[in-house]
Amino acid sequence: MLSSVSEVSAAEIVPQVSKDEYLRAFRWLLLARVLDEKLAALYRAGKIPGGGVYLGKGQEALSVSVGISLRTGDVYAPLIRDGAGRLAFGETVVEALRNCLGSVLGPMRGRDGNVHRGRPRDGYLPMISHLGAMISVVNGVLMAKRFKGQKGVVGATCLGEGGTSTGAFHEGLNQAGVERLPLVMVVANNQYAYSTPTSRQFACKSLADRAQGYGFTPHSVDGTNLAECLKVLGHAVALARTGNGPQLVVASLLRLCGHGEHDDASYIDPRLKESEIGRDCLELSEEHLLVNSWASKQELSQWRTAAQRAVEEAVALVQKEPSPDPYTENWCALQTGRFAEGGSK
Amino acid sequence: MLSSVSEVSAAEIVPQVSKDEYLRAFRWLLLARVLDEKLAALYRAGKIPGGGVYLGKGQEALSVSVGISLRTGDVYAPLIRDGAGRLAFGETVVEALRNCLGSVLGPMRGRDGNVHRGRPRDGYLPMISHLGAMISVVNGVLMAKRFKGQKGVVGATCLGEGGTSTGAFHEGLNQAGVERLPLVMVVANNQYAYSTPTSRQFACKSLADRAQGYGFTPHSVDGTNLAECLKVLGHAVALARTGNGPQLVVASLLRLCGHGEHDDASYIDPRLKESEIGRDCLELSEEHLLVNSWASKQELSQWRTAAQRAVEEAVALVQKEPSPDPYTENWCALQTGRFAEGGSK
Amino acid sequence: MSITYLEAIREAQARALAEDPRVFIYGQDVGDFGGAFKATKGLAKEFPGRVLDAPISEDAIVGAAVGAAIEGMRPIIEMQFADFSTPGFNQVINQAATLYWRTQVPCPITIRLPSGGTSGSGPFHSQCMEAIYAHYPGLIVMTPATVEDAYSMLLEAVAIDDPVIFCEHKYLYYHLKTDRLPTEAMPAGKARIARPGRDVTIVAYSAMVHEALAAAEELSTEGVEVEVVDLRTVKPLDTDTIIASVARTGRVLVVGEAFPWGGVTAEVVARIATEGFGLLDAPPQRLNAKDTPIPYHPNLWSAHRPTANSILAAVRNLLRL
Amino acid sequence: MSITYLEAIREAQARALAEDPRVFIYGQDVGDFGGAFKATKGLAKEFPGRVLDAPISEDAIVGAAVGAAIEGMRPIIEMQFADFSTPGFNQVINQAATLYWRTQVPCPITIRLPSGGTSGSGPFHSQCMEAIYAHYPGLIVMTPATVEDAYSMLLEAVAIDDPVIFCEHKYLYYHLKTDRLPTEAMPAGKARIARPGRDVTIVAYSAMVHEALAAAEELSTEGVEVEVVDLRTVKPLDTDTIIASVARTGRVLVVGEAFPWGGVTAEVVARIATEGFGLLDAPPQRLNAKDTPIPYHPNLWSAHRPTANSILAAVRNLLRL
Ligand SMILES: Cc1ncc(C[n+]2csc(CCOP(=O)(O)OP(=O)(O)O)c2C)c(N)n1
Ligand SMILES: Cc1ncc(C[n+]2csc(CCOP(=O)(O)OP(=O)(O)O)c2C)c(N)n1
Ligand SMILES: [Mg+2]
Ligand SMILES: [Mg+2]
């Protein structure tokens, strides 16, 4: 029933992806890739405090499609491979770098780092590491917006296929179903959770098979295809926005990097790399631009250079920024200062 | 695909329910009802230490069908409304009463009480209160049996529809799917979780819709109909036993008592009480026996009297048994006594 | 009029809902049914759409509360029993408790935990979890011992901009009564001298305050004047009031209903030892529950937790040291 | 040959698998990949079918371990980080820890928690959870500080018939090395004098033992001889060894890496105060991490946890008291 609703509304609500939209998405995708490449370089150069760098290579088409489908007033809780979506949702390169390099001017002021960043007051929620835990937080924001009478808002959040095995995932989806919230749950099935293949992670054919059990509308998408991602995410977001309840989008793709930059990912099945899902969404979208004559080779290379310049400038800026200072740091975890304990020394 | 496997094997493995089997199940069902009635009376008389009594009225046909379908070597983790299944699996009335009355001779020796009872070494697992938590424990027993090379065993566990909203339920089912364990998950959808109706608990049409997402074979059953319950549970257990992977049985029925005996259940929708699922499985099975001439009215009343006598004798016995004595109690939560701490006084 | 501890909790919630449109209540069976203990009785009707039944999903319940708080609401969460907060533990300590430190966005949620032992409730419906939550930075943990505190501290919990774990004691629900609800109150974070005395201090909280007071009454007939300090809030701890009492008496027994390893009694004794060492005339003493799960049978249960009797024995022993 | 703390953990598991067919390993990425930290490197190949990758389901992982233990197996569970044990918390404290008390059937499971801070790991990959688990009856909590202990205590953990929470410290994984694995060992439950001294006692455990030893070296050059007690097991606590050391020195500082409220330092100080009061020449002192989540940036992190320097300052202060 739900899915027939979705078929109907699909045609009505979502037009084909326009050249403009595609180009806009592509530019974010490209910028995210360039930023990731720089982060990897900084990591190799030992410039990332402490250490982890988690990249989104191969997942940018999906991620950017989420971020670009949202608008001011919406809620977004991205995960570790969502550099592209973050940029599209409104994060700046400087902000991202500040968090990764631990600048005191960054959104978490050095207290938290790398992918753990956001601006909760702007609907951009900073993930905690525990997988699945952000879903119900998005639900809560949406419930609050409903209390306040705000209409037409959407909440989107992302997770890898491994994260779907958490109890938090289940409770969050069930809650969204019961409350019939405008939640768009995006699952990036990149075939591995760290080293663990899907055969050790779940036993259904597609994770979209779980939608029905929660009263979600299911959507599947080829995560390597930017046009398809834009269409399906646009559709899912539009459905949620127009009162059609929660949506589950499951994308097939492959992580084209290590779990983190410390990981050579040698466990990835070479057959997957050579398969359709192993294709690089950046390369595919460049081809798409060229084939459709939406961009020339020269333009593509200019855009890349521009992105690189933007990233390099941001790095130069952020690297000059102060690190947090433990002596001036306010070591208090409470807003209500009078309840702080000195700590028992 | 899985469900077509199940259709095929169904016919092969499960014959119609025979008179003998039905009668055997009915006698447990009746005994369970009579025991519950006595427990309610003991509760009203203030004879239950501390206080809670949780009954299975209306759910005995389903419950007994689970217990009776299992055999020695199988694993069973019943829940609060499974008095009938417990008896069919091999618990005695005395054992049940000992636990409820806190006899020191009971399986938990007064340390735990009422429905929290079992004999783990006999494959009969004592529930903890946290809903959903027993599923993965059954999985673990089944994994251990597989390690040991034991074949043809089944693990069955029960939960109310409310319990399906726990993260533990999801993780447990997913785990059983990944390990392809011979687990039979029985969900008794009795329309309420304490006072909460299903509309506030989940958003799918039937909880059986969740089977596919875990690689389980789904089964639905009218929980008021003993013959159907015996057939479906027999079938599900047989499938699990013969290597067809985990099974999800969802039964529709109505709780015909309070959540506990303290609860008048006035929140239950009267229309549900008058509907098909509101019928009493005991009355229906008595009718079935009479209609099929499998038993006479006289026999039915003799059986009830016999059950009452058995229960009364057990109560008389157990009430004479000693309560636990705090002075001789071994206050040590560890098997390895040398690691006990005196407790900091 | 006579108001129980439980009714005070209901009244505080009614008032919070009435006075602040940002407040809502979310938890299992809290709606029309009014909660397993009836702490939200009638509120769903009085405040339509603001008292919501939740599925049996403690993780998602807490997560949603955090989300709602981010968006400016002030949710009150009812756990059906403190024991069932464990599946929500991760969201409490890693999501709610860290939010402000990480983002400077406050997280004003109140999590009500019906806590503590009652006869026959067994291992999974009797637990005290205050110490577990108090261990984590970013949480405030309240443990009211009186009807007045149940009322005023719950109102304060809802008003505070930080996550509050509100440990209300099930044993006190019906046992404690008062004539009228307070109009003004001591602030949270301050301990209270529940009974003044000069000979020995008992530091207690929640239900144990009443066991301590009963023991103090008994000792008073023997000429021993016990000062009872009611902590009220276990995080932050009001070390000043504790130390001041110890300064007066020189002897201290710290009583808690929780398990013996760690917990409030360890923290309080450690503070006294480090900060009030010179004031002690005898070693500080502790009394906790036994180091086993909480037993079902009333015989075992009453031996498992501290009572007026065991406190009496401990004080007598302390006076001999 | 040189063996790290991490390799010792791998070797202990290899030996447990080799010697006892009831042992198996279950956890995320522990199979062919050998675990996030490589603590199970090569074991899946060496012991086919006995080292199993788990889904990201900490609750079900622990639940399954309990079930397997009931059926006579001796599972070793690896949590990817201690911090991620929170979704499995309920099964640990309510299922595993209560099983024996409720049923007399033992629950021999070992849960390995890669614990503690390393630079840049931030709020969710740095936590110390020993105190949380130690609070609950029915659990044994080990916190090895040396390569030898990592090896022998893990073997003992697997052999013990009770659930063991094995807190291995990530900072020590690569930092600590030894020449050969021990053939005999002190039993778990006994503390160790890591360094004898007559002037002051530092009680520490896990990574903090090494910070304490470094501080002790420095103080030794000033003529102050510090005795360092390595707790090894935090539950049960070896109160006798602690008290005996305090009896020798009269002064004690207890150091822990965890959050300041409660925790091991509170319990140890409380035991010393209650049981060894008369032996103290000065108030016992504590040193913990700060009362905030664990910060990401190395500058903040190194100020957040106790270090040789802050221990040094605390001891100097203690000597003046
Ligand atoms: C509850 C929980 N358990 C374990 C981890 C450790 N962990 C971090 S990422 C990861 C793998 C995630 O895989 P997936 O969800 O598929 O996302 P991907 O990395 O493939 O994008 C694991 C196990 C965690 N973050 N949270
Ligand atoms: C994790 C958890 N949360 C809350 C509870 C409290 N509780 C006990 S029974 C119950 C309702 C159960 O409903 P359902 O699963 O439908 O079973 P039924 O009682 O209807 O048989 C609740 C909420 C619990 N036992 N466990
Ligand atoms: Mg993945
Ligand atoms: Mg139900």
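Chains as they are written, first to last, in the numbering used here: chain R, 1 to 345; chain S, 1001 to 1345; chain Y, 2001 to 2321; chain U, 3001 to 3321.
Glycine included, C-beta positions come from ideal geometry on N, C-alpha and C.
Relative to the C-alpha of residue i, which residue among the options is closest?
i: glutamate 3078/U; options: Ala3060/U, Thr3183/U, Thr3221/U, Asp3020/U; result: Ala3060/U
i: phenylalanine 3124/U; options: Leu131/R, Gly102/R, Tyr214/R; result: Leu131/R
i: alanine 2036/Y; options: Lys1273/S, Cys1257/S, Ser1195/S, Glu1321/S; result: Ser1195/S
i: proline 182/R; options: Ala203/R, Ser199/R, Arg200/R, Val141/R; result: Val141/R
i: lysine 1156/S; options: Glu1091/S, Arg1027/S, Gly1149/S, Val1137/S; result: The displayed chain sequence assigns alanine, not lysine, to residue 1156/S. Closest by alpha carbon: Val1137/S.
i: arginine 392/R; options: Glu313/R, Phe26/R, Ser129/R, Met143/R; result: There is simply no residue 392/R to check, as chain R begins at 1 and stops at 345 in what is shown.
i: serine 1065/S; options: Phe1202/S, Gly1085/S, Ala1144/S, Gly1106/S; result: Gly1085/S
i: isoleucine 2003/Y; options: Gly2049/Y, Asn2094/Y, Ala2150/Y, Gly2122/Y; result: Ala2150/Y
i: asparagine 1139/S; options: Ser3220/U, Leu3318/U, Ala3064/U; result: Ala3064/U
i: leucine 149/R; options: Glu2011/Y, Trp2261/Y, Arg2050/Y; result: Here residue 149/R turns out to be glycine, not leucine, going by the sequence shown. Ranking the options by Cα distance to glycine 149/R, first place goes to Arg2050/Y.
i: histidine 2304/Y; options: Gly1083/S, Glu1095/S, Arg1146/S, Arg1111/S; result: Arg1111/S
i: glutamate 3011/U; options: Asn3317/U, Gly3072/U, Ala3039/U; result: Ala3039/U
i: threonine 198/R; options: Gly160/R, Ala168/R, Glu287/R; result: Gly160/R
i: alanine 3082/U; options: Gly3034/U, Gly3042/U, Cys3128/U; result: Cys3128/U
Can we count residue i as close to ligand 2, meaning its CB is less than 7 Å from some heavy atom?
i: glycine 1163/S; result: yes
i: alanine 1193/S; result: yes
i: serine 2310/Y; result: no
i: serine 1129/S; result: yes
i: glutamine 319/R; result: no
i: arginine 1210/S; result: no
If residue i sits next to residue j, beta carbons under 8 Å apart, how far is it from one beta carbon to the other, in whole angstroms?
i: glycine 3116/U; j: serine 3206/U; result: 6 Å
i: glycine 1123/S; j: valine 1075/S; result: 4 Å
i: valine 221/R; j: valine 184/R; result: Their Cβ separation, rounded to whole angstroms, is 12 Å, which puts valine 221/R and valine 184/R out of contact at 8 Å.
i: alanine 3097/U; j: proline 3137/U; result: 7 Å
i: isoleucine 2076/Y; j: valine 2158/Y; result: 6 Å
i: leucine 959/S; j: methionine 1127/S; result: Beyond the ends of chain S as shown, which are 1001 and 1345, falls residue 959/S; an answer cannot be given.
i: alanine 3270/U; j: alanine 2266/Y; result: 4 Å
i: tyrosine 2171/Y; j: leucine 2006/Y; result: Not quite, the Cβ-Cβ distance comes to about 11 Å (not below 8 Å), so this is no contact.
i: alanine 2016/Y; j: leucine 2155/Y; result: 6 Å
i: glutamine 1059/S; j: arginine 1081/S; result: 5 Å
Using a threshold of 7 Å, is the CB atom of residue i nearer than that to any non-hydrogen atom of ligand 3?
i: glycine 160/R; result: yes
Bridge partners of residue i, per DSSP?
i: tyrosine 2026/Y; result: Leu2052/Y, Ile2077/Y
i: asparagine 330/R; result: DSSP output for asparagine 330/R lists no bridge partner at all.
i: glycine 160/R; result: Ala188/R
i: serine 3115/U; result: His3169/U
i: glutamate 3227/U; result: Thr3201/U
Below 7 Å, is the gap between the Cβ of residue i and the nearest heavy atom of ligand 4?
i: asparagine 1190/S; result: yes
Less than 7 Å separating the Cβ of residue i from some heavy atom of ligand 1?
i: phenylalanine 3084/U; result: yes
i: proline 3087/U; result: yes
i: threonine 3249/U; result: no
At a threshold of 7 Å, does residue i count as lining ligand 6 (C-beta to nearest heavy atom)?
i: glutamate 3148/U; result: No copy of ligand 6 occurs in the structure displayed; its ligands are ligand 1, ligand 2, ligand 3 and ligand 4 alone.
Review point. If we count Cβ pairs, one from each stretch, closer than 8 Å, do we get three or more for the segment 163 to 182 of chain R versus the segment 2096 to 2109 of chain Y?
Key: These segments do not touch.
Review point. Any chance the segment 41 to 53 of chain R sits against the segment 99 to 107 of chain R, with 3 or more Cβ pairs inside 8 Å?
Key: Touching, yes.
Point to revise | Three CB pairs or more closer than 8 Å across the segment 3231 to 3239 of chain U and the segment 3138 to 3157 of chain U | key: The segment 3231 to 3239 of chain U makes contact with the segment 3138 to 3157 of chain U; the number of CB pairs closer than 8 Å reaches 3 or more.
Practice item. Kindly confirm or deny that the segment 2214 to 2228 of chain Y and the segment 2155 to 2166 of chain Y touch, where touching means at least three C-beta pairs closer than 8 Å. Key: no
Exercise for review: Kindly confirm or deny that the segment 3045 to 3061 of chain U and the segment 3081 to 3090 of chain U touch, where touching means at least three C-beta pairs closer than 8 Å.
Suggested key: yes
Practice item. Would you check if there are 3 or more beta carbon pairs closer than 8 Å linking the segment 1185 to 1192 of chain S to the segment 1251 to 1264 of chain S? Key: yes
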